[in-house]
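Residue numbers (the working numbering), protein chains in the order written: chain A, 581 to 977; chain B, 8 to 166. Since the structure comes first, as C-alpha cells, the remarks are kept for the end.
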Amino acid sequence: MKQHQKEIHAFNPESYVASTVKAMPPSGIRKFFDLVNEMEGAISLGVGEPDFVTPWHIREACIYSLESGMTSYTSNKGMPELRDRISEQMKREAGLEYDPVEEILITTGVSEAVDLAFRATLNPGDEVIVPEPCYVAYVPDIVLAGGVPVTVTTRLSDLFKVRPEEISRALTRRSKALILSYPNNPTGAIMSREDLEELADVVVENDLMVVSDEVYGKLTYSGRHVSFAQLEGMQDRTIVLNGLSKSHAMTGWRVGFALGNSALVSAMTKIHQYTMLCAPVMAQVAALEALQKGEDGMLAMKHEYDLRRRLFVSGLNRIGLDCFEPQGAFYAFPSVKETGLTSEAFAEQLLKKQKVAVVPGNVFGAGGEGFLRCSYATSREELIEALDRMETFLKGL
Amino acid sequence: MSEILEILSENARATPAEIATLLGLSEEDVAREIKDLEDSGVIKKYITLINWEKLEGSYVFAVIELKVSLQRKTGYDSVAERIARFSEVDSVRLISGDHDLQITVRGKSMKDVAFFVAEKIATLDGVQSTCTHFILKSYKEHGVILTDRPKPKRLVVTP
Chain A
581 MKQHQKEIHA FNPESYVAST VKAMPPSGIR KFFDLVNEME GAISLGVGEP DFVTPWHIRE
641 ACIYSLESGM TSYTSNKGMP ELRDRISEQM KREAGLEYDP VEEILITTGV SEAVDLAFRA
701 TLNPGDEVIV PEPCYVAYVP DIVLAGGVPV TVTTRLSDLF KVRPEEISRA LTRRSKALIL
761 SYPNNPTGAI MSREDLEELA DVVVENDLMV VSDEVYGKLT YSGRHVSFAQ LEGMQDRTIV
821 LNGLSKSHAM TGWRVGFALG NSALVSAMTK IHQYTMLCAP VMAQVAALEA LQKGEDGMLA
881 MKHEYDLRRR LFVSGLNRIG LDCFEPQGAF YAFPSVKETG LTSEAFAEQL LKKQKVAVVP
941 GNVFGAGGEG FLRCSYATSR EELIEALDRM ETFLKGL
Chain B
8 MSEILEILSE NARATPAEIA TLLGLSEEDV AREIKDLEDS GVIKKYITLI NWEKLEGSYV
68 FAVIELKVSL QRKTGYDSVA ERIARFSEVD SVRLISGDHD LQITVRGKSM KDVAFFVAEK
128 IATLDGVQST CTHFILKSYK EHGVILTDRP KPKRLVVTP
C-alpha cells in the first residue's frame, strides 16, 4: 500500500449532521413505540390513524390505474381532474372559490404541505405562533424553515380552543403567521365559527397569515366543520391544508392538498417541484376516486368513530379519568392530574402494568402535561378491554 | 330508531346498556324502543352467522329458481307460503327476471336436497319448473366476507 505523507483524519459522520438537526429533540413517542412493539397482548390507543383499511373501491381504482399503465409523473401541482374536484368540493361544502390552476397544490401528504407552507413564507427569524398542545411536526418544520416558533398554551378551561388574548400576548414585531389545527390532534377540540371569528380580529389587526391544518375537518361530530378561510376576508390570508388520510382511512397513500392565494401556492409549488416533483400518481388516482365516490364510506367510518367516542369518553369518566367531550378527530384527552402522576409516568406505568399504550400529553407541547392522548380509532372490543385495564390500574395506584 | 337497528344488525348480542352508551341515550329508552320493534315485527329474530364451511359434513345449501303459474286471487302468495312452511327451506323470495321465486334449501347432502326439490317442490300445483344451483363455496354472507385475510398491522404508536 502506498504511504501518504499527509496525516489523514478519520471521517466523523456525526460532525457532518447540521446543527439545527442535532438540536432537534427526538420524538417523544419513540420510547413508547419500542416498549409496545416488544410487548405481547398490549392494546394500543397510541395510534394516530384510522383502524380501517382504505375502502375497497378506492384501492380497486388504484389497482385499475396501475393495470392501465398510469405510472408517469403528473403535473407539478397534481392531476388537473383532482384539482378540479377539490375546487368543486370547496365551493359546494364551504362556499369558497379556489382556482384549480393557480390556487390548489396536491402534496405528498399534509405533512409535506405543512413544511412547504412554512418554507415558502418564512424569512430567517420570522415568528410563527403555535398553539399547543398540537401535532408534533409544526415546531420542527418551522425551525427547519428558518422561522422561530412561539408557542402559546390552550387550556382545558377553554376546551382547548385558542383564545385571542393568548395570541395577543405572544405577538412581537416579527410575528408573521399563526398555525391553527382544528379539529385538534391531540385534544379532539374543535373551534366554532364564533370562536374563529374572535381570532380573525387579532389576525387582521396584526397582519398575520394563517396556516390552517384541517385534515380532521370531516371528523367533526357536532355541527359542521368551519374552515378559517370561510370567515369574512380570511381566504387570502389563509393557507388551508387538507387531505384524505384521516377521513377516508388513507394515511399510507400520502396525499394532501394546499389551497390558498396564488402567490402563496405558487411559492409552495416552486419548492414542491424541486423536492417532490409531484405527489405519487397512484395516490392521486385513489384520491380522485375517494372524492368522487367515497362520501358514503367516509360517513360510515365517521359514524363508527362517533359511537366509539361516546363509548370511550363516558367510560373514561366512569372509571375516574376526567375527560371533556371531544367534538372532532378521534382522540380523547383525559386528565391524569388527580392521580398526582406526570403524563409520562402515568403512561409508562399503565403500559408496564396493564399493557395499555397511550401517548403522554406533554409530547404535544407543554400544555399537554397532565393529560393523555387516547385514540379511539380502534375496535369497540379493544376500547372496552382497555377501559377495564385502565380501571384496574387506577385502583392499584 | 334506525340507529339501534343498525347496531343490532351488526351484533345481535348488543345489550340495551351497550347500545345506550354508544348512542348517548338512556338504557330504558333503548330497551323500550327495542321492545316496540319486536312487538311490531320489525325485529323478527336474533340469529348467529355461522360459517358452516368450517365444519366437516355439516350442511349443503342450494339456490333454486322456480317458475310458477299465477293463481287467480292469490297471485304468487299461496304457492310461496306453501313452500315457506317446509323446514328445509331457508328463504323464499319473489324475484324479477326469468324466474318467479327464488328459494334456498338446506340439507344434509346433495342427494337430500335434490330429492326434497324433486318430491316436495317440483310436484306442487302451480310450480312449472325448477332449476337447482348447489352452493359450492360461500365468499360473503350477510355483509361478512368469509374468506377474508387477517388485517394488516398498523404501527403501534404514531403521532
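Where is the CB? At the ideal position from N, CA and C, for every residue including glycine. Since this is a predicted model, take the numbers as computed values, not measurements.
Any beta-carbon of chain A closer than 8 Å to the one on residue i?
i      : result
B:G150 : no
B:R92  : no
B:T154 : no
B:T165 : yes
B:R161 : yes
B:K158 : yes
How about residue i: is its C-beta nearer than 8 Å to some C-beta of chain B?
i      : result
A:G768 : no
A:G626 : yes
A:R969 : no
A:R890 : yes
A:I666 : no
A:I979 : Since the displayed chain A opens at 581 and closes at 977, residue 979 of chain A lies outside it and no answer follows.
Are residue i and residue j closer than 8 Å when you measure CB to CB?
i      : j      : result
A:I709 : A:V732 : yes
A:R898 : A:L963 : no
A:V730 : A:A700 : no
A:G806 : A:R753 : Position check: residue 806 of chain A holds Val in this sequence, whereas Gly was assumed. Cβ distance not < 8 Å, so A:V806 and A:R753 don't count as in contact.
A:R663 : A:K657 : yes
A:Y911 : A:N765 : yes
B:D107 : B:K74  : yes
A:P940 : A:E918 : no
A:V763 : A:T734 : Sequence inspection shows Pro at residue 763 of chain A; the Val mentioned does not correspond to that position. No, the pair does not count as a contact, with Cβ atoms beyond the cut-off.
B:V96  : A:A937 : no
A:G727 : A:D706 : yes
A:M848 : A:L685 : yes
A:L702 : A:I851 : no
A:M856 : A:P720 : no
B:F93  : B:K127 : yes
A:C714 : A:G920 : no
A:L676 : B:T28  : no
A:L788 : A:I819 : no
A:I623 : A:K975 : no
A:M862 : A:L646 : yes
A:R953 : A:F926 : no
A:V943 : A:I609 : yes
A:G986 : B:P166 : The requested residue 986 of chain A does not occur in the structure, where chain A is confined to residues 581 to 977.
Where residue i and residue j are concerned, what is the direct C-alpha to C-alpha distance, given to the nearest angstrom?
i      : j      : result
B:T137 : B:I90  : 13 Å
A:P744 : A:E673 : 27 Å
B:V49  : B:R20  : 17 Å
A:T651 : A:Y678 : 28 Å
A:D968 : A:D781 : 46 Å
A:S595 : A:E905 : 48 Å
A:G908 : B:D155 : 31 Å
A:Q872 : A:L811 : 27 Å
A:V742 : A:L625 : 26 Å
A:E971 : B:I41  : 31 Å
B:S65  : A:G895 : 42 Å
A:V633 : A:E682 : 33 Å
A:C858 : A:W833 : 13 Å
A:L868 : A:E661 : 8 Å
A:V790 : A:Y854 : 24 Å
A:K586 : A:P593 : 21 Å
B:S103 : B:H149 : 21 Å
Can you confirm whether the segment 834 to 853 of chain A touches the segment 815 to 825 of chain A when touching is taken to mean that 3 or more C-beta pairs between the two stretches lie within less than 8 Å?
yes
Is the segment 924 to 932 of chain A touching the segment 870 to 880 of chain A, taking contact as three or more C-beta pairs under 8 Å?
no
If contact is defined by three or more beta carbon pairs under 8 Å, each pair taking one atom from either stretch, is the segment 948 to 967 of chain A in contact with the segment 613 to 621 of chain A?
no
Going along the chain, which residues of the segment 917 to 946 of chain A sit with their C-beta nearer than 7 Å to a C-beta in chain B?
A937 and V939
Which residues of the segment 694 to 716 of chain A have a Cβ closer than 8 Å to any Cβ of chain B? Give them in chain order.
Y715 and V716
Indicate whether the contact test is met: 3 or more Cβ pairs, each with one atom in the segment 100 to 118 of chain B and one in the segment 63 to 73 of chain B, closer than 8 Å.
yes
Between the segment 19 to 32 of chain B and chain A, which residues of the former have a C-beta closer than 9 Å to a C-beta of the latter?
E25, T28, L29, L30 and G31
Short-range partners of chain B found in the segment 612 to 642 of chain A, where Cβ spacing is below 8 Å
F612, F613, V616, N617, A622, S624, G626, V627, G628, E629, D631 and V633
Quick one: which residues of the segment 883 to 917 of chain A get their C-beta closer than 9 Å to a C-beta of chain B? List them in chain order.
H883, D886, L887, R888, R890, L891, S894 and G895
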